[in-house]
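Visitor:
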Amino acid sequence: MPSAPERPAIGVDVGGTRTKIGAVAPDGALTVPYSLPTPHEPAELAAMIAEQTARLRALARLGADTPVGVAVPGIIDEEREVVELAVNLGWKELALGRLLREHLDAPLALAHDVRAGGMAESAWGAGRMFSRRSAAGSTDTPPLADLIFVPIGTGIAAAVVHDGAVFGDRFTGEIGQVRVEEPFTGRMMRLEGVASASAIGRRFAEQIDPDAHPLVTTDGGRPAARAVVDRARAGDADAERILFSALDTLGQALATIISSVGTLPVVIGGGLAEGGPIVLDTLEASISGRLGVVPTPPVLPSSLGMWAGCQGAGLAGMVRAS
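Residue numbers for the sequence shown follow this note's numbering, beginning at 2 and rising by one.
1) Starting from D114, trace the alpha helix (DSSP H) both ways and give me its first and last residue.
2) Just curious, the alpha helix (DSSP H) that E207 is in, first and last residue?
3) Is the CB-CB distance between L60 and Q312 below 7 Å?
4) So if DSSP puts P152 in a beta bridge, which residue, or which two residues, is it bridged to?
5) Given a threshold of 16 other Cβ atoms within 10 Å of its Cβ, counted over all protein chains shown, does P114 qualify as buried or as exposed?
6) Just tell me which of G277, T67, S289 has its CA closest to the CA of A26.
7) Quickly, what does DSSP pair M307 with across the bridge? List them, please.
8) Looking only at its chain, what residues have a beta carbon closer than 6 Å to the beta carbon of A317, apart from the 5 residues adjacent to it on each side?
9) Under 7 Å, do V268 and E82 count as touching if we go by C-beta distance?
10) Measuring CB to CB, does R171 end up less than 7 Å from I76?
11) What are the start and end residues of the alpha helix (DSSP H) that includes V295?
12) Identify which residue in E80, H163, V88 has its Cα closest to the Cα of I176.
13) Using only CA atoms, which one of L63, R232, R99 lies nearest to G23?
14) Taking the Cβ atom as the reference point for each residue, do T283 and L248 lie within a distance shorter than 7 Å?
15) Rounded to the nearest angstrom, what separates M120 and T142 at their Cα positions?
16) Whose C-beta lies closer than 7 Å to the C-beta of R19 among residues of the same chain, with five residues either side of it excluded?
17) Report the partner residues of R134 according to the DSSP bridge assignment.
18) For K93, tell me which candidate among D78, V229, T54, L105 has the shortest Cα-Cα distance.
19) Measure the C-alpha to C-alpha separation of I157 and L145 and round it to an integer number of angstroms.
20) Would you mind sorting S132 into buried or exposed? The rule is 16 or more other CB atoms within 10 Å of its CB.
21) Quick one: grab the DSSP three-state call for H104.
22) Would you kindly report the start and end of the unbroken beta strand (DSSP E) that includes L31?
23) Give me, in chain order, the residues of the same chain whose beta-carbon lies closer than 6 Å to that of A136; leave out the 5 immediate sequence neighbours on both sides.
24) Could you compute how far the alpha carbon of A196 sits from the alpha carbon of T250?
25) Tell whether a beta-carbon distance below 7 Å holds between M319 and P6.
26) Please state whether DSSP places L265 in a helix, a strand or coil.
27) With a Cβ-Cβ cutoff of 7 Å, do I201 and V229 count as a contact?
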């Protein structure tokens, strides 16, 4: 019978805008969490991670051999520790693992941010509402619930957790790169250019109110969609139009995934999940309208919130760091 990890780890979740860092206990508990702006220059990022993990070890009283898990977006070859493509960071064929090891003495694991976040959410977050199981032959990963994890932030991706493991290869779940039609202009663009949190804010500023640009694109480092969601909730018809069109476009992609893998619960992560019913119910209705005879699964907010990727990075460090 597989057991939970026995050692704590440091989780580092590298986002397109900010990098989140925290100490992760074997039961998933997160302590001393904080975030910093993400340097897009890889050498600067590696130096920052080394500096901040040393600081965190001191703050959390962790040993020098505490493993570090670093989760990054994009197409990641976790075995070679190479970021093959990270669009929002401008990286291509970056040997990030080698670069990090030049700065870190601790055991290291490089992970995909969404797959790692999906495992954390499945083990310690929303997955606790459902039955959990362990993958055949697994001896160190905690039991996981079946679900589809979709964090919406600077970009969009999805992770399918099934039978105690994350499904697919390194290309699976890159739904943000799928070409879709922008609802109002008809231009073909990436899904995350329409439905990511940053895109919702940008589209509002571009199409509705250029003067709102600072409000909907900075937002104190939080996903830019939050201001648009607030306006839509207050009855602003223009904000509703931008928000609902984005969610409807996202619903198309998620309906395709659900019809392929089954009616697994859909867990929405990132700041957009904090929007409540106006986001979750609208997205569920969009999915339902496209599934036909296929039952509509529940659409739920992440229980771990914006820290799922950080906790997932910690979990990767616990079970894979070397």
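Beta carbons are placed, not taken as given, at the ideal position from N, Cα and C, and that holds for glycine.
All of these numbers come straight from a predicted model, not from anything done at the bench.
Guide: With the given structure in hand:
1) 114-125
2) 198-208
3) no
4) G270
5) In the sequence as presented, Pro is not what sits at residue 114; that position holds Asp. By the 10 Å Cβ count, D114 comes out buried.
6) T67
7) Answer by DSSP bridge pairing: none, since M307 is not bridged.
8) G70, A110, A112, A117
9) no
10) yes
11) Premise fails: V295 is in no alpha helix (DSSP H) and is neither H nor E.
12) V88
13) L63
14) yes
15) 9 Å
16) S36, L37, P38, T39, G222
17) L145
18) D78
19) 22 Å
20) exposed
21) helix
22) 31-38
23) G165, A166
24) 7 Å
25) yes
26) coil
27) yes
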